[in-house]
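Q: Chains as they are written, first to last, in my numbering: chain V, 57 to 297; chain P, 162 to 391; chain Y, 2 to 469.
Submitted below is the structure of interest, expressed as structure tokens.
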Amino acid sequence: MSQTVQLFVTCLVDWLRPEIGIATVRLLEKVGVTVRFPEAQTCCGQPAFNVGRWEEARAMAEHWVRTFDPELPVVVPSGSCAAMVRHGYHVLLEGHPLHARWEALAAQTYELSQYLVDVLRIQDLGVRREGTVTYHPSCHLLRMLGVREAPERLIRATGAAYHPLPEAETCCGFGGLFSVHFEEVSGAMLDRKIQAIRSTGAEVVLGCDWSCLMHIGGGLHRQGLPVRAMHLAEWLAEGLL
Amino acid sequence: MNHPVLEAVRRRVTRRAVPLEPAPALPLDAPPGSEVAVQRLWASWTGIGVQGVRCATEAEAIREVVARLRERKIRHVLTDARTARSYPGLIPALEDAGLTVMGGNLPREEGPRYLGLGRWAMAEAGITDVVAAFADTGTLWVAGGTGGMRCASLLPPVHIALVRRAQVFPCLATWLAEARASGALMEWVEESSAMIAITGPSRTSDIEKTLTLGVHGPKEVIAFLIEEAG
Amino acid sequence: MSIPSPAFRSRIREGLENATLQEALQRAVPSFLVSRSKAFEDLPDAEAVRDRARAIRAHTIAHLDRYLEQFAREVERRGGKVFWAATAREACDYIVNLARSRGVAMVAKSKSMVSEEIGLNHAMEAAGIRVVETDLGEFIIQLAGERPSHIITPAIHKRREDISKLFQKHLGMPPTDEIPEMTAAARRALRQVFLDARMGISGVNFGIAETGTLVLVTNEGNGRMVTTLPPIHVALMGIERVVPTWEDAEILLRVLARSATGQALTAYTSFLTGPRRREEPDGPEELHVVLVDNGRSRWLGTPLEEALYCIRCGACLNACPVYRAIGGHAYGSVYPGPIGSIVTPMLGDGNGAELAYASSLCGACQEICPVRIPIPDLLVRWRQMRAGSLLPVWERIGLQLYAHAARHPSLWARAGRWAMGLLRRLGREGWLRRGVGPLRAWTAVRDFPVPQRPAFRDWWTSRRGGGE
Ligand code: SF4
């Protein structure tokens, strides 16, 4: 396969969990994809967009659209940031000179699991893993990108024991700045998610958005539970070694 | 017509064209009175707690109605002129069985109206015919209009409805299409201040989401399905 | 400014700490969702029905003037009286004056969210007219002197023991924990109210423009009672509730009960056209339809217009994880839940804009909404429209700096490295347990994972330089 893609690593992964970015590169290269990393990339602007600071968000959207090459697909290890590019920019860049360039980019901007399974049609990455895992579908991945099955397929192909999460499609309570504006509500939602995770008996809860995983993992750690929250890419890449 | 509210609306509406999505499939597609429709009606009644009784003839239905009323030791029955017209044998049979039949028109003046309602409220059962029944939901479609009483299906704790096979429509949508085409819909609207779709007994889940029947309307709905045409 | 405001925060706490409420929400809401999806599975072509329902709402709102005018004309042609109320006050005044002029001492009311919105009960009682709520849930709430916490099941937060106590006190009922007995006691008490009331007030689910017909659904039958027994029927209707034809109403009915209660159809669906006719044995002698604007028309043609498509089924409340965590009262508004957070500041005096922030934007509401209102988008719209005034100053400045850095990659890289270095030093074994500044609220409920290694961009550079 002689695909070349641009990696939009996302600000959160870039700074807070580089391991996910590294894992993404490894996985893509494993299946023969050439990865480019436009170094001028920063943040998609979602935090500003979601709290209603659209001027700032628009500035970031413009920067993003200028940074990436509309000729090549963009792969993002985050459902939420991919959704921002695909849907949020639509409103932000309405009637904007960059709109056409954005359209070309949005049409080929994919979340990682979506890119692997739906675009490349690969489910088995040749990764073998053991242990018991569960998977939390993050809301924007699920509802804005419509990615339901791709991550599960990748997980099942590894041979790990996969225990589906009860009420999986209920929000974990992260919600960007919601998690700090309404920390008590966010915490209550998190408690329910953690209960559900515990009921599966899994050692690892997987997901495709580090934002939600940071929140879930932080809750698990606070409660002293021996369950890890891991990004799917990182977990898969560990199996490559 | 003019009013500041309407003016404000007029100033702001977009009047944009909205593509009308294609009409979805009917909830149930079957000819009125067909076996498919009747079967489904029966199943729906079971699902919503309507007691169905099948009768070959009108006469049999009337006998059965009297039997049910006796079983329940009912003495006062509320019914209306339209039902009496559709089922001429009904009131004589009720009276022969020693039941008090209430009906007629409520007076319009406040005092007598109040007293009249109070009397109707003593009825232990109400009997009505229907305009139609809808198989997909088990609905009894009743109406006001000339001689059509709203209270008979509402005030008493037991509602008895008489349905003929030919009145069994697959769903409200089918009835509407037919009534629209024949002009019956507009006739109903002109003559009747109320058309009511009754889908099971009065119910509530307001306390702890626990289903309880007979809150304000009837606790029991008994529907007689009559094979014979009217 | 802070989000949430102190008052909102304390209502949220009350909700979170109210064990009864929490238990009720845990028990009631999941079963709602199960019966709702079952009801939709049984509906042929369900997605197409939703598309059609949405198109009907969109078309009506786009041509609202035309349909409202037609509706009003048809109501009047068949003997009903139409009153246009620009404000809550006008609506209340009209009804109070009507009641006074007819010597009405008691009113039987079936559930109407619009009446809550305009504060009708209060206005009536101030004028010395007794108003009795007849929906069992509303009746309970009224006895308790509270406010509904859900638009479909208003007393969802009450346990049977609470209700039994209320009935002992107000209806003189002996103690019981049998729900049917309590229901029977309410039936007896309210039956007399229906007979005695000289005015019945109801809401309206849909107004059919072509014939001026009011469509009203109730399960208990109280909606039929208040529109049949009292000599005067007053119907309160938001101006957005109109639909063009009977066929349109039929489509909306296919999704309304399914979304609201998981039933294929509500027990009673009344189609009411005008007052009692000459040849009719019963029915109200007078019909008044009060069309309430109260701010709605302001939003036509704006990005928030779609909120007017709402058919008040309540499904988005049940689907909302925030609602399920805090309950309806925490919102402090007549309309709670996701749609309430949009609609509340649209109506009346426009209070409650902070509600738009009380959402994680998960999208469960949009997914369940029978008319597919993009609720998260509208919430974000509200945030955008009011953001400048609602976000705390330090957040606004923070976002400005952040956005500035995001457009200057080398500044971004330097600032990022500095900040991450700081975080790494603050963390212990990869975690920050007690954060300060922007991280304080985060660590109030969960730990924060600090970075374990240099940024991805640095790895990339070193790798390209032959590092790996
Ligand atoms: S927004 Fe949609 S789901 Fe919520 S109450 Fe309105 S119609 Fe129902």
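Ideal placement from N, C-alpha and C gives every residue a C-beta, glycine not left out.
All of these numbers come straight from a predicted model, not from anything done at the bench.
Any idea what DSSP makes of Thr-305 of chain V, helix, strand or coil?
A: Shown here, chain V extends from 57 to 297; a query on residue 305 of chain V therefore has no answer.
Q: Is there at least one Cβ from chain P nearer than 8 Å to Glu-349 of chain Y's Cβ?
A: Residue identity differs from the one stated: residue 349 of chain Y is Gly in this sequence, not Glu. With 8 Å as the cut-off, Gly-349 of chain Y does not count as an interface residue toward chain P.
Q: Pull up the distance between the alpha-carbon of Gly-353 of chain Y and that of Thr-175 of chain P, whole angstroms please.
A: Cα to Cα, the separation comes out at about 27 Å.
Q: Among all the DSSP beta bridges, which residues are the ones paired with His-277 of chain V?
A: None; His-277 of chain V has no bridge partner.
Q: Do you know whose CA, among P:Thr-373, P:Asp-367, P:Thr-360, lies nearest Leu-266 of chain Y's CA?
A: Checking every option, the nearest Cα to that of Leu-266 of chain Y belongs to P:Thr-360.
Q: Which same chain residues, not among the five before or five after Ile-4 of chain Y, have their C-beta less than 8 Å away from its C-beta?
A: For Ile-4 of chain Y, where only same-chain residues beyond five positions count, the Cβ hits under 8 Å are Glu-355, Tyr-358, Leu-391, Leu-392, Pro-393.
Q: Any heavy atom of ligand 1 closer than 7 Å to the CB of Ser-260 of chain Y?
A: At least one heavy atom of ligand 1 is nearer than 7 Å to the Cβ of Ser-260 of chain Y, so yes.
Q: Evaluate Trp-395 of chain Y with the Cβ neighbour count: other Cβ atoms within 10 Å of its Cβ, from every protein chain shown; 16 or more gives buried, anything less gives exposed.
A: It is exposed - the Cβ of Trp-395 of chain Y has fewer than 16 other Cβ atoms within 10 Å.
Q: Following the continuous beta strand (DSSP E) through Trp-302 of chain P, name the residue where it begins and the one where it ends.
A: Residues 300-304.
Q: Let me know the alpha helix (DSSP H) ranges lying completely inside the segment 354-383 of chain Y, each 4 residues or longer, listed in chain order.
A: As far as the segment 354-383 of chain Y is concerned, its whole alpha helix (DSSP H) runs of at least 4 residues are 365-369.
Q: Express the C-alpha separation of Val-243 of chain Y and Tyr-68 of chain Y in angstroms, rounding to a whole number.
A: Approximately 7 Å, taken between the alpha carbons.
Q: Distance cutoff 8 Å, beta carbons only. Does Asp-249 of chain Y sit that close to anything in chain P?
A: Not an interface residue.
Q: Could you tell me which chain V residues have their CB closer than 9 Å to the CB of Tyr-358 of chain Y, listed as they occur along the chain?
A: Residues of chain V passing the Cβ test: Val-107, Gly-108, Leu-233, Phe-234, His-237, Phe-238.
Q: When DSSP labels each residue in this structure, what does Gln-409 of chain Y get in the three-state scheme?
A: The amino acid occupying residue 409 of chain Y in the given sequence is His; Gln does not appear at that position. Coil, per DSSP.
Q: Cys-268 of chain V to Ser-134 of chain V, Cα distance in whole Å?
A: Whole-angstrom Cα-Cα distance: 10 Å.
Q: Straight-line CA distance for Leu-84 of chain V to Leu-168 of chain V?
A: Taking the straight line from one Cα to the other gives about 9 Å.
Q: Got a sec: which bits of the segment 309-333 of chain P sit with their beta carbon under 8 Å from any beta carbon on chain Y, in order along the chain?
A: Against chain Y - using a Cβ distance shorter than 8 Å - the residues of the segment 309-333 of chain P are Gly-309, Met-310, Arg-311, Cys-312, Leu-315, Leu-333.
Q: Please name the residue or residues paired with Gln-193 of chain Y in a DSSP beta bridge.
A: Beta-bridge pairing links Gln-193 of chain Y to no other residue.
Q: I'd like to confirm something about Ala-316 of chain Y: is its beta-carbon nearer than 7 Å to some heavy atom of ligand 3, or not?
A: The model on display carries ligand 1 but not ligand 3.
Q: Please classify His-171 of chain Y: does DSSP put it in a helix, a strand, or coil?
A: Three-state result, His-171 of chain Y: helix.
Q: By how many angstroms is the C-alpha of Glu-381 of chain P removed from the C-alpha of Ile-164 of chain Y?
A: For Ile-164 of chain Y and Glu-381 of chain P, the distance between alpha carbons rounds to 25 Å.
Q: Just verifying my parser: in three-state terms, what is the DSSP assignment at Phe-72 of chain Y?
A: Reduced to three states, the DSSP call for Phe-72 of chain Y is helix.
Q: Start and end of the alpha helix (DSSP H) containing Asp-290 of chain P?
A: Unbroken run through Asp-290 of chain P is the beta strand (DSSP E), 286-290; no alpha helix (DSSP H).
Q: I want to verify the contact list: residues of chain Y whose CB lies under 7 Å from the CB of Met-283 of chain P, in sequence order.
A: By Cβ distance, chain Y contributes nothing, its closest Cβ being about 11 Å from Met-283 of chain P, past 7 Å.
Q: Does Phe-41 of chain Y have its Cβ less than 8 Å from a Cβ in chain V?
A: Cβ-Cβ to chain V under 8 Å: no for Phe-41 of chain Y.
Q: Is the Cβ-Cβ distance between Pro-285 of chain Y and Arg-278 of chain Y less than 8 Å?
A: No, Cβ-Cβ distance for Pro-285 of chain Y and Arg-278 of chain Y is not below 8 Å.
Q: Would Met-245 of chain V and Gly-232 of chain V qualify as a contact pair, given that the criterion is a beta-carbon distance under 8 Å?
A: No, the pair does not count as a contact, with Cβ atoms beyond the cut-off.
Q: Which residues in chain Y sit within 7 Å of Met-263 of chain P, going by Cβ to Cβ distance?
A: What Met-263 of chain P touches in chain Y: nothing, since even the nearest Cβ is about 11 Å away.
Q: Pick helix, strand or coil for Phe-93 of chain V, following the three-state DSSP scheme.
A: Coil, per DSSP.
Q: Could you say which of Y:Pro-455, Y:Ile-312, Y:Lys-159, Y:Arg-441 lies nearest to Asn-206 of chain Y if we only look at CA atoms?
A: Measuring from the Cα of Asn-206 of chain Y, the nearest candidate turns out to be Y:Ile-312.
Q: Please list the terminal residues of the continuous beta strand (DSSP E) segment that includes Leu-292 of chain Y.
A: It spans 287-293 - the beta strand (DSSP E) in which Leu-292 of chain Y sits, taken as one unbroken run.
Q: Using a cut-off of 8 Å between C-beta atoms, extract the partners of Val-381 of chain Y located in chain V.
A: Per Cβ cutoff of 8 Å: Phe-105, Asn-106, Gly-108.
Q: Based on Cα-Cα distance, which residue from Y:Arg-454, Y:His-234, Y:Tyr-310, Y:Asn-319 lies nearest to His-64 of chain Y?
A: Selected option, being the one with the closest Cα: Y:Tyr-310.
Q: Let me check you understand the geometry: is the CB of Asp-372 of chain Y closer than 7 Å to at least one non-hydrogen atom of ligand 1?
A: Per the sequence shown, the amino acid found at residue 372 of chain Y is Val instead of Asp. Val-372 of chain Y Cβ: within cutoff of ligand 1.
Q: Please compile the residues from chain V whose C-beta is within a distance smaller than 8 Å of the C-beta of Ser-260 of chain Y.
A: What Ser-260 of chain Y touches in chain V: nothing, since even the nearest Cβ is about 18 Å away.
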